[in-house]
Amino acid sequence: MSTTVENPNVDAGDDLAQSTSDASLARTTARSAEIRRQLEVDPSAFRMLTGDRPTGNLHIGHYFGSLTSRVHLQNLGVDTFVVIADYQVITDRDGVGPIRERVLSLVTDYLAAGIDPTKTTIFTHSSIPALNQLMLPFLSLVTDAELRRNPTVKSEFDATGDRPMSGLLLTYPVHQAADILFCKANLVPVGKDQLPHLEQTRLIARRFDERYGRAVPERPVFPAAEALLSLRAVNILGMDGAKMSKSKGNVIELRMTADETAKLIKKAVTDSDRHITYEPDKRPEVSNLVNLAALFLERDPVDVAAELGDSGGGGLKKLVTEAVNEGLAPLRARRAELEQDETYLRQVLAAGNAKANEVADATLDEVRVAMQMAY
Ligand code: TRP
Numbered sequence: 145m146s147t148t149v150e151n152p153n154v155d156a157g158d159d160l161a162q163s164t165s166d167a168s169l170a171r172t173t174a175r176s177a178e179i180r181r182q183l184e185v186d187p188s189a190f191r192m193l194t195g196d197r198p199t200g201n202l203h204i205g206h207y208f209g210s211l212t213s214r215v216h217l218q219n220l221g222v223d224t225f226v227v228i229a230d231y232q233v234i235t236d237r238d239g240v241g242p243i244r245e246r247v248l249s250l251v252t253d254y255l256a257a258g259i260d261p262t263k264t265t266i267f268t269h270s271s272i273p274a275l276n277q278l279m280l281p282f283l284s285l286v287t288d289a290e291l292r293r294n295p296t297v298k299s300e301f302d303a304t305g306d307r308p309m310s311g312l313l314l315t316y317p318v319h320q321a322a323d324i325l326f327c328k329a330n331l332v333p334v335g336k337d338q339l340p341h342l343e344q345t346r347l348i349a350r351r352f353d354e355r356y357g358r359a360v361p362e363r364p365v366f367p368a369a370e371a372l373l374s375l376r377a378v379n380i381l382g383m384d385g386a387k388m389s390k391s392k393g394n395v396i397e398l399r400m401t402a403d404e405t406a407k408l409i410k411k412a413v414t415d416s417d418r419h420i421t422y423e424p425d426k427r428p429e430v431s432n433l434v435n436l437a438a439l440f441l442e443r444d445p446v447d448v449a450a451e452l453g454d455s456g457g458g459g460l461k462k463l464v465t466e467a468v469n470e471g472l473a474p475l476r477a478r479r480a481e482l483e484q485d486e487t488y489l490r491q492v493l494a495a496g497n498a499k500a501n502e503v504a505d506a507t508l509d510e511v512r513v514a515m516q517m518a519y
């Protein structure tokens with residue numbers, strides 16, 4: 145190994161462990177606030193990449209957790225890429241499921257939520273060969289020990305029970321680095337749990353330039369991607385007070401009708417105290433419903449609870465149902481229209497894929513030159 149190359153075995157563990165430490169989280173949070181200010185002033189300084197796995201339907205957690213913020217940043221003028229991470233679906237499951245329907249349903253949700261395909265590039269992993277090819281040089285820059293220590297790989301591995309870990313699950317942080325770096329994104333909106341991925345991405349970017357360094361070291365091939373942490377943890381639970389889970393049937397999906405939504409909320413768990421309060425620790429189920437109404441009404445949950453007073457679980461559910469259904473009505477109306485036009489949805493995806501391919505091809509060309517493989 146050449147002496148100019150840092151040994152991934154030596155520094156990676158430290159960096160990755162650091163990324164989850166309190167001090168580092170505080171730094172990242174402070175930096176996110178700074179980035180938010182910069183975004184308002186100079187949105188064109190940023191290229192953002194985010195994405196979703198097409199494993200199910202988007203729900204109200206996604207709506208408040210990521211969709212509204214993507215739309216906001218897109219409308220500020222941030223150059224935005226959204227990956228529909230279809231290859232990530234097979235990291236920890238055997239089959240792809242009804243992947244085609246799910247991909248188109250994601251596109252529908254995005255557009256209905258306000259993602260504008262003339263401003264945002266929506267693309268699928270599997271359609272971008274050059275993105276996937278970046279995985280090869282990137283894999284040479286990480287060690288298996290480093291990957292095994294990755295907290296997200298660990299937790300996903302644990303969630304799959306006794307299933308042996310696939311090579312793709314082990315290496316998917318590297319693939320995710322390719323998602324981010326193929327378009328040289330410098331901004332990635334994430335939750336806390338995804339920070340180790342971003343640290344891994346920065347390591348790969350840095351090591352690439354250290355190992356294959358270009359003639360102009362102050363102009364690295366890849367930027368250091370920064371996290372944009374969500375402003376507040378929008379901790380929405382399922383209607384039974386448990387974690388949202390499709391199999392539990394406790395999730396309000398964007399694509400549901402107003403009736404389906406009402407039925408689901410009717411079944412929601414409350415408690416026997418008719419006096420409504422917002423106390424997430426003491427009364428998680430009731431507080432979750434209060435919070436949901438407050439989010440859609442753009443009000444403080446404490447005020448919403450106070451106003452409900454002694455109206456009991458029935459009154460609370462009535463308010464939540466109205467707030468959710470009214471809040472989502474415009475999105476759902478657009479969604480219903482879009483759903484009728486599969487040709488358009490596929491055109492949007494084809495155009496996004498064409499753009500992503502252009503960008504990926506250009507980056508791979510640079511990588512080839514850096515690696516002296518431009519023949
Ligand atoms: N891992 C993300 C998820 O579980 C999806 C994703 C794929 C992603 N590639 C990404 C997110 C790159 C941010 C950046 O939904």
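Using my numbering, you'd call the opening residue of the sequence shown number 145 and step up by one each time. Built from N, CA and C at the ideal position, the CB exists for glycine as well. Quick caveat: nothing in here was measured; it's all calculated off a predicted structure.
Residue i CB to nearest heavy atom of ligand 1 below 7 Å
i: Leu193; result: yes
i: Ile324; result: yes
i: Val297; result: no
i: Val227; result: yes
i: Arg197; result: yes
i: Gln232; result: yes
i: Val503; result: no
i: Val318; result: no
i: Val332; result: yes
Residues of its chain near residue i, where Cβ-Cβ distance is below 8 Å and the 5 sequence neighbours each way are ignored
i: Lys428; result: According to the sequence shown, residue 428 is Pro rather than Lys. Closer than 8 Å at the Cβ level, and outside the excluded window around Pro428, lie Leu381 and Gly385.
i: Glu510; result: Val365
i: Val233; result: Arg197, Pro198, Thr199, Val240, Gly241 and Ile243
i: Thr405; result: Ile396, Thr465, Val468, Asn469 and Leu472
i: Thr296; result: Pro317, Asp337, Gln338, Pro340 and His341
i: Thr262; result: none
8 Å Cβ cutoff met for residue i and residue j
i: Lys328; j: Ile409; result: no
i: Val222; j: Phe267; result: no
i: Leu275; j: Ala321; result: no
i: Glu397; j: Leu202; result: yes
i: Ile324; j: Ala369; result: yes
i: Gly496; j: Thr265; result: yes
i: Ala438; j: Val448; result: yes
i: Asn394; j: Met400; result: no
i: Ser210; j: Thr224; result: no
i: Pro367; j: Asn330; result: yes
i: Met192; j: Pro308; result: no
i: Leu508; j: Leu278; result: yes
i: Leu347; j: Thr315; result: no
i: Leu463; j: Leu475; result: no
i: Ala523; j: Ile228; result: One cannot answer for residue 523 here, as it falls past the ends of the chain, which runs 145 to 519.
i: Tyr207; j: Val226; result: no
i: Ala167; j: Tyr356; result: no
Close Cβ partners of residue i (< 6 Å) along its chain, the five nearest in sequence each way excluded
i: Leu312; result: Thr235
i: Asp155; result: Below a pLDDT of 50, predicted positions are generally treated as unreliable, and Asp155, at 38, falls in that range; the measurement from the model is reported next regardless. Excluding residues within five positions, none has a Cβ falling inside 6 Å.
i: Leu283; result: Val318
i: Arg512; result: Ala518
i: Val503; result: Cys327
i: Leu248; result: Leu489
i: Tyr422; result: Ser431, Val434, Pro445, Val446 and Ala449
i: Glu300; result: Asp236
i: Pro187; result: Leu220, Gly221 and Val222
Chain-order list of residues whose beta-carbon lies under 7 Å from that of residue i (same chain, five-residue window excluded)
i: Val215; result: Ala257, Gly258 and Ile259
i: Thr172; result: Leu339, Ala371 and Leu373
i: Leu472; result: Leu398
i: Gly456; result: Arg418
i: Arg411; result: Going by the sequence as given, residue 411 is Lys instead of Arg. Excluding residues within five positions, the ones whose Cβ falls inside 7 Å are Met383.
i: Thr252; result: Arg479, Leu482, Glu483 and Leu489
Where residue i sits in the DSSP three-state scheme
i: Phe190; result: coil
i: Leu534; result: Because the chain spans 145 through 519 in this model, residue 534 falls outside it and cannot be assessed.
i: Val468; result: helix
i: Arg225; result: One point to set straight first is that residue 225 is Phe, not Arg, in the sequence displayed. In the structure shown, Phe225 sits in a strand (DSSP, three-state: E or B).
i: Asn202; result: At residue 202 the sequence reads Leu, which differs from the Asn that was named. Of the three classes helix, strand and coil, the one that applies to Leu202 here is coil, per DSSP.
i: Gly86; result: Outside the displayed span of the chain (145 to 519) sits residue 86, for which this structure offers no information.
i: Gly157; result: Residue confidence is low: Gly157 scores 41 on pLDDT, short of 50, so the model does not pin down where it sits. Its coordinate-derived value is still stated next. The answer is helix: DSSP assigns Gly157 an H, G or I state.
Only counting runs of 3 or more residues, tell me where the beta strand (DSSP E) segments fall wholly within the stretch 333-408, in order along the chain. 370-373
Would you list, in sequence order, the uninterrupted alpha helix (DSSP H) runs of no fewer than 4 residues that lie entirely inside the stretch 408-455? 428-441 and 445-452
At what residue ranges does the stretch 261-291 contain a whole run of the alpha helix (DSSP H), taking only runs of 4 or more? 273-283
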